[in-house]
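Contents: one structure, followed by commentary.
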Amino acid sequence: MKKIIIIFLLCISISCMFFGISKYLEYNNLNIESDDLSKMDKEIKFLDEKIKQKEEEYRKLQADNSSLLEELKIWEEKVKKVESYLL
Amino acid sequence: MGRKSKKSGKLFIVSSIFLLLISIIFLLAYFYFDTEIHKTDKKNGTIIKLKEEKNVLLTSKKEELSKIEANITELDDLETKLFNTKKKYYGTIKELEDQIISGKNDKKIAYLTFDDGPYYNTYKVLDILDKYGVSATFFTTTINGENCYDKKDTNCLVLYKEYVKRGHTIANHTFTHAIWRGLYKSADSFIEAVINQENQVKKYADGYKTNIVRFPGGSSTAGKLKTSIIEKLREKGYGWVDWSAQDGDGGSLKSTEEAWNNLKSSINQDIEVILFHDYSSITTEILPEAIEYLDSKGYVMLPLFYESNVINK
């Protein structure tokens, strides 16, 4: 009788161990997404800075090439005008 | 026997308690981790939502950045773009010419050309052309030297830059224009005068290359030399053109009426190359009316270009 009880208790404790360990493993394997989130925040910040830099570069180039830009606009208009004469 | 059963009784109790304790510990661990998993799932749910939002933001930022970068590349390559736009412009005029010649398009083209400049009067001509949004061709020479013949204290060669800026074609009318003083002595003397004029234009209009030549006095003035001059021009990559209509301002015009009659009577083709001189005050006077007249007759006024069908190559 004692043996049966011991075997029964052994079975229960093994089952509990199994469930407990498997739950632990499940918890351990769970991704904590917040790591990615901070990476994304960093990337957004980096992009913001880069956009700011590039916008400045673009404005400077625009100022430096203003006469060329003006000339280009005139020629583009001329192209449109001649194209309108085509069939 | 009694001791043995007591001992086994103790062992049974200890073992049972031990196994029960293990079971309880692992059960507690099970519930603890299960609760933690639920908490994390809930937290992750919120994070996933946030991630989606941030992903959208990231994509839009990346797009914004690539747009700016594309704009920068475009600006970096502005000169090439300008060159290509000009090429496209002349290509489209060529297409229009081809359609007119084949009878598919009932539009007409008038190439307004001005010989012998630059003069100070050229500024007036340019202003009139600007007012009507018309581009023309200026066959230039340095016969008058650096200063304007009609305003001696003013440099006229700065006008080369002005022609380009206002979208006109600079063409070549030789450096000397010396019809009776050696220009037509030989084919080489003519070519030399063409190249000298080319260099003069390049000097004042930042490397601008002219590749269309007009013989001073017209190609017939070259007489027997015409064929050999044309051959040499072709070798050097130049095309040449005379004219098909004019107001006669190169001769002894007496009135605007005479100029007007000359012009009207000489215009009768679908594609006309009209000769004017930018020193002529009579031409300057009739030019606005002439442009309006040509416009009313269905002519579009365009600048000449090397690939045009009217350029002899």
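These protein sequences, in sequence, are chains X and H. Under my numbering, the first residue of the first sequence carries the number 1, and numbering increases by one thereafter. Under my numbering, the first residue of the second sequence carries the number 1001, and numbering increases by one thereafter. Glycine included, each C-beta is placed from N, C-alpha and C at the ideal position.
Using the Cα positions of H:Asp1098 and H:Asp1076, report the straight-line distance between them to the nearest angstrom. 35 angstroms
In the DSSP assignment, find the unbroken alpha helix (DSSP H) run with X:Asn28 in it and report its ends. 2 to 29 is the span of the alpha helix (DSSP H), which, as asked, contains X:Asn28.
H:Ile1047 beta carbon less than 8 angstroms from that of X:Tyr30: Checking the displayed sequence, the identity of residue 30 of chain X turns out to be Leu instead of Tyr. Between X:Leu30 and H:Ile1047, the C-beta gap is not smaller than 8 angstroms, which leaves the two residues out of contact.
With distances taken from CA atoms, which of H:Val1014, H:Ala1187, H:Leu1294 is nearest H:Lys1224? Checked all of H:Val1014, H:Ala1187, H:Leu1294; the closest Cα to H:Lys1224 is H:Ala1187.
When DSSP labels each residue in this structure, what does H:Asp1116 get in the three-state scheme? strand
Determine whether the beta carbon atoms of H:Ile1274 and H:Tyr1111 lie at a separation below 8 angstroms. By the CB criterion at 8 angstroms, H:Ile1274 and H:Tyr1111 fall inside the cutoff.
Taking DSSP as the reference, what is the three-state secondary structure of H:Ala1070? helix
Looking only at its chain, what residues have a beta carbon closer than 7 angstroms to the beta carbon of H:Glu1162, apart from the 5 residues adjacent to it on each side? Correct list, in chain order: Leu1126.
Through-space distance from H:Thr1059 to H:Asn1309, alpha-carbon basis: 52 angstroms
Closest to H:Gly1218 by CA distance: which of H:His1177, H:Glu1198, H:Val1201 is it? With distances taken between Cα atoms, H:Gly1218 lies closest to H:His1177.
Does DSSP put H:Gly1218 in a helix, a strand or coil? In the structure shown, H:Gly1218 sits in coil (DSSP, three-state: anything other than H, G, I, E or B).
To the nearest angstrom, how far is the alpha carbon of H:Ser1220 from that of H:Lys1226? Each residue's Cα considered, the two are about 7 angstroms apart.
H:Lys1313 beta carbon less than 8 angstroms from that of H:Lys1108: no
Go to H:Ala1171, then tell me how far its beta strand (DSSP E) extends in each direction, as first and last residue. Its beta strand (DSSP E) spans residues 1169 to 1172.
For H:Asn1055, name the three-state secondary structure that DSSP assigns. Note: H:Asn1055 maps to helix in three-state DSSP.
Specify whether the stretch 12 to 30 of chain X and the stretch 1031 to 1039 of chain H touch according to this definition: at least 3 beta carbon pairs, one from each stretch, less than 8 angstroms apart. yes
At the 8 angstroms Cβ level, is X:Asn29 part of the contact set with chain H, yes or no? no
Should H:Gln1269 be labelled buried (16 or more other beta-carbon atoms within 10 Å of its own) or exposed? exposed
Assuming H:Asn1121 and H:Tyr1279 form a contact by the criterion Cβ under 8 angstroms, report the distance between their Cβ atoms to the nearest whole angstrom. 6 angstroms
Uninterrupted alpha helix (DSSP H) stretches inside the stretch 1205 to 1285 of chain H (no shorter than 4 residues): 1226 to 1235, 1256 to 1266
Examine the Cβ distances between the stretch 1081 to 1101 of chain H and the stretch 1229 to 1244 of chain H and report whether three or more of them are shorter than 8 angstroms. Output reads no: the stretch 1229 to 1244 of chain H does not touch the stretch 1081 to 1101 of chain H.
Tell me whether H:Val1150 sits in a helix, a strand or coil according to DSSP, three-state version. In the sequence as displayed, the identity of residue 1150 of chain H is Asp instead of Val. The answer is coil: DSSP assigns H:Asp1150 none of H, G, I, E or B.
Name the one or two DSSP bridge partners that H:Val1300 has. H:Ile1109
Less than 8 angstroms between the CB atoms is what I'm expecting for X:Ser13 and H:Leu1019, so what's the real figure, rounded? 4 angstroms
How many angstroms separate the CA atom of X:Lys54 from the CA atom of H:Glu1069? 7 angstroms
Check whether the stretch 15 to 26 of chain X touches the stretch 1013 to 1027 of chain H, counting contact only when three or more Cβ pairs, one atom from each stretch, lie closer than 8 angstroms. yes
Whole-angstrom Cβ separation of H:Leu1304 and H:Thr1137, contact assumed at under 8 angstroms? 4 angstroms
Would H:Phe1114 and H:Phe1276 be called neighbours here (beta carbons separated by less than 8 angstroms)? yes
Within 8 angstroms of any Cβ in chain H, is that where the Cβ of X:Ile12 sits? yes
Between which residues of its own chain and H:Ser1228 is the CB-CB distance below 7 angstroms, once the five residues before and five after are set aside? Ala1187
Residue-chain proximity (H:Val1014, chain X), Cβ-Cβ < 8 angstroms: no
Under 7 angstroms from the C-beta of X:Glu76: neighbouring residues of chain H: By Cβ distance, chain H contributes Thr1085.
Proximal residues, the stretch 54 to 78 of chain X versus chain H, C-beta separation under 8 angstroms: Lys54, Glu55, Glu57, Tyr58, Leu61, Gln62, Asn65, Leu68, Leu69, Glu71, Leu72, Ile74, Trp75, Glu76, Lys78
Counting only beta-carbon separations shorter than 8 angstroms, does H:Ser1023 have a partner in chain X? yes
If you follow the alpha helix (DSSP H) that H:Phe1083 is in, where does it begin and where does it stop? 1078 to 1101
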